[in-house]
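A short write-up of the structure that comes next.
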Amino acid sequence: MNRTRTAWLFLTPALLVLGVFFIAPVIGALGLSLTDYDLYALADIHNLRFVGLHNYWDLLQRPLFWSALGNTFYFVAVGVPLSIGASLGTALLLNSPLARMKSFYRAVLFAPVVTTVVAVAVIWRYLFNTKYGLVNYGLAELGVHPVDWLGDPHWAMPTIIAFAVWKNFGYNMIIFLAGLQAIPPELYEAARIDGASAPRQFWHITLPMLKPTMALVMVLTVAGYFQLFAEPYVMTEGGPLQSTVSVLYLMYDDGFKWWNLGVASAVAFMLFGVILAITITMLRLMRRREPA
Amino acid sequence: MGREGEAVALLMPAFEREHPDIHVEVQELPWKAAHQKLLTAIAGDTTPDVAQLGNTWIAELQALDTLEPLQPWVDRSAVVQPADYFAGIWATNRIGGALYGIPWYVDTRLLFYRKDLLKAAGFDAPPRDWTEWSRQLAALQARAAPNHYAILLPTNEFEQLLSLALQQGEPLLRDGGRYGNFESAGFKRALTFYVDIVKRHEAPLLANTEVPNPWTEFGRGVYAFYFSGPWNIGEFRQRLAPSQQDDWATAPLPGPHGPGAGIASGSSLVIFRHSPRKAQAWLLIEYLSRPQVQQQFYRLLGDMPPRRSAWQGDALRRDPAVQAFRDQLERVKPTPPVPEWERIVTEMQLVAAEAAHGQLTVEQAAAEIDRRADAILAKRRWMLDRAHGQRR
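Listed in order, the protein sequences are those of chains A and B. Quick note: the first sequence uses our numbering, first residue 929, plus one each step. Quick note: the second sequence uses our numbering, first residue 33, plus one each step.
Structural data, given as structure tokens:
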């Protein structure tokens, strides 16, 4: 009995903080999403109407919401594999016994993660400028016609994806590197004695041993990439033709630009639902593949 | 806000010398954060005494019932003379017949153009109406090098199309701001004119995020016309080579038939309703409204004064580049005074950009803008109807 009470006593501060700064705001936002809270309601609370699920219903009928969702899925579906592939690839290279100046390269490859998005985005905008950009200059040398990277609705999202992958892969690279270093070298030794080639070693030792790391990285990256916002905000402002508006960008516009906090809260909960469903599915799939 | 905050701090010592009992505390806000900070201040009931407001925000803050009506103060004032102000600018501060702000500085969008390029295309003067403008754009484009254009109209800036739309007779909203009026013949005429320029490739399909340095490009002749505001006078003087300074000039906007209207934008000074120091606040507004102080302010920043008498100062009278602004300021028009306006005009430009990209016809675009405007105004209609019901 006394132990239980002591346990609660120790838990109380954490629960209090969690309650005040997480649970209460979430419940508040859920309530807000059922109203038409806007500028007029801020002026006079009598202008607030309870609208039930109307905000959600409206969103489902709003083409921009669907295209924002589509853009976000596009970003996640292409960005996450690319990002994880780049992280794993560079981690393998860094972990190779042949690599020299490891700490130097590790620092360089990690550098984009600690740079400021806004500052880097300015440089990327120059790199991808149609007329003066280094990228198109390089393409022209190869005889390729210049591409309007950030101005063509078909190219803007790929450019944003490239930017996000470059900016973020270093973080996962460090996690993978730690995972790789934790694999006992005896396993590779045994495999070499058995005559396994390098690809087979990768497939039968490295990947299975990295599985827990991979699961963690996948969940974190998917959840993070669904919250795409800063990249389009600074690179394209959602344009051209709203082809880079993500769900979070839509929420920001509705909530903080137009002060329709009711609608914005509904967007937030829709996104929360999507991320939750996908994360649960991913975890289930991974668990099922694990031998019992 | 922004640079104005720094400059106004320099004007304060003189005011405090005149009124030793008043001490002014200036709080500077960056423009990008200002709107949000103001709304937060209102929610938290910590509004200042006096504030600078972009004149499109006045309707919004008035809807929040936070602004002091200023007509009684103006009636008693010897300094603030409504007749001395440009009428279009003064009108942006009136909502539902009451006055909520005193114009502080003004801006309007017009044409910067390359005299030498226009001359080479066979024109001695800037256009006065749309027909002439179209002819000049076509002639400039015919002579332009590859990837050079007659004019720059960034697809994500609404001011250009809005200027053309304000030149029409019809209002942009109808029934007291209850519904959009974008399917009017006038708006469709403006949209057609705008879209046609892009369709004839006289303007590139670019957003301003893709034009990092419009000044240098204007200097290189990538654009012969540049549709922008007064702050660019300083930018061009600073950024273009001295040898090029005689090659550019400004011109009032051409209208459908002769000189046209323009946007009446700028900032106003307001007093918050909850201020306990309204009399002192008004003294400060009066001080900042004096023609001499406005001239001083112009010299500090280049922000143009809203009073005709302030334009008598040498700095303004002797500067040829500002004369086009002076001329157009007589014809500027306010946008509809509804709190939802900024959102509507943003949607207008999003749809217009789709039309410029060729994804919608002008008819479809106009109908779509009306549809979106009506949806945005739904709550306003409900409010107006309810207020009407209560009065009855």
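By construction, the Cβ of each residue, glycine as well, lies at the ideal position given by its N, Cα and C atoms. It should be emphasised that the depicted structure is a prediction, and the values quoted were computed from it without experimental measurement.
Query	Result
CB contact flag (B:Val383, B:Thr140, <9 Å)	no
For B:Ala235 and B:Leu184, the rounded distance between their alpha carbons	5 Å
Straight-line Cα distance separating A:Leu976 from A:Ala969	5 Å
Residue-level contact to chain A via CB, B:His420, 9 Å cutoff	no
Cβ-based burial, A:Ala935 [other Cβ within 10 Å; buried from 16]	exposed
Where A:His1082 falls, given that 16 or more other Cβ within 10 Å makes a residue buried	exposed
Distance, B:Ala110 Cα to B:Gln391 Cα	56 Å
Backbone CA spacing between A:Gly1167 and A:Trp1077 [nearest angstrom]	12 Å
Backbone secondary structure at B:Gln84 - three-state DSSP	strand
Alpha-carbon spacing of B:Leu193 relative to A:Ile1206, whole angstroms	43 Å
Chain B within 9 Å of A:Leu967, Cβ atoms only	yes
Coarse secondary structure for B:Ala256, derived from DSSP in three states	strand
Paired residues, beta bridge with B:Met336 - DSSP	B:Val138
Cα-Cα separation between B:Leu301 and B:Leu316, rounded to whole angstroms	10 Å
C-alpha gap between B:Gln355 and B:Ser307, whole angstroms	39 Å
Whole-angstrom C-beta distance between B:Trp122 and B:Pro114, which should lie under 8 Å	6 Å
Proximal residues, the region 379 to 395 of chain B versus chain A, C-beta separation under 9 Å	Leu382, Ala385, Glu386, His389, Gln391
9 Å Cβ cutoff met for A:Phe1091 and A:Ser1011	no
CB-CB length for A:Thr1000 against A:Met1101, believed under 8 Å	Their Cβ separation, rounded to whole angstroms, is 24 Å, which puts A:Thr1000 and A:Met1101 out of contact at 8 Å.
Bridge-paired residues (DSSP) for B:Lys365	B:Ile295
Contact list for the region 54 to 80 of chain B against chain A, Cβ threshold 9 Å	His67, Gln68, Leu71, Ile74, Ala75
Check whether B:Leu142 and B:Ala283 have beta carbons under 9 Å apart	yes
Proximity winner among B:Arg309, B:Phe329, B:Pro323, relative to B:His55 (alpha-carbon distances)	B:Arg309
Per-residue burial, B:Gln422 [other beta carbons within 10 Å of its own, 16 or more giving buried]	exposed
Range of the contiguous beta strand (DSSP E) that encloses B:Ala182	181 to 184
Rounded Cβ spacing between B:Thr187 and B:Leu237 (contact assumed at less than 8 Å)	6 Å
Under 7 Å from the C-beta of B:Pro371: neighbouring residues of chain A	Leu967
Alpha helix (DSSP H) segment containing A:Ala1090, residue limits	1081 to 1109
Classification of A:Ala942 by the beta-carbon crowding that lies within 10 angstroms, buried from 16 upward	exposed
Top-ranked residue by Cα proximity to A:Trp1186, from B:Glu38, B:Asp53, B:Asn213, B:Gln68	B:Gln68
Candidates B:Ile376, B:Ala397, B:Leu196, B:Arg418, of which the one nearest B:Asp406 by Cα	B:Ile376
Presumed contact (8 Å Cβ cut-off) between B:Gly37 and B:Glu60, rounded CB distance	3 Å
Contact residues within the region 1070 to 1083 of chain A, judged by C-beta distance below 7 Å to chain B	Leu1078, Gly1079
Extent of the continuous alpha helix (DSSP H) run through A:Ala942	930 to 946
Separation of B:Glu50 from B:Val40, as counted between CA atoms	16 Å
Where B:Tyr211 sits in the DSSP three-state scheme	strand
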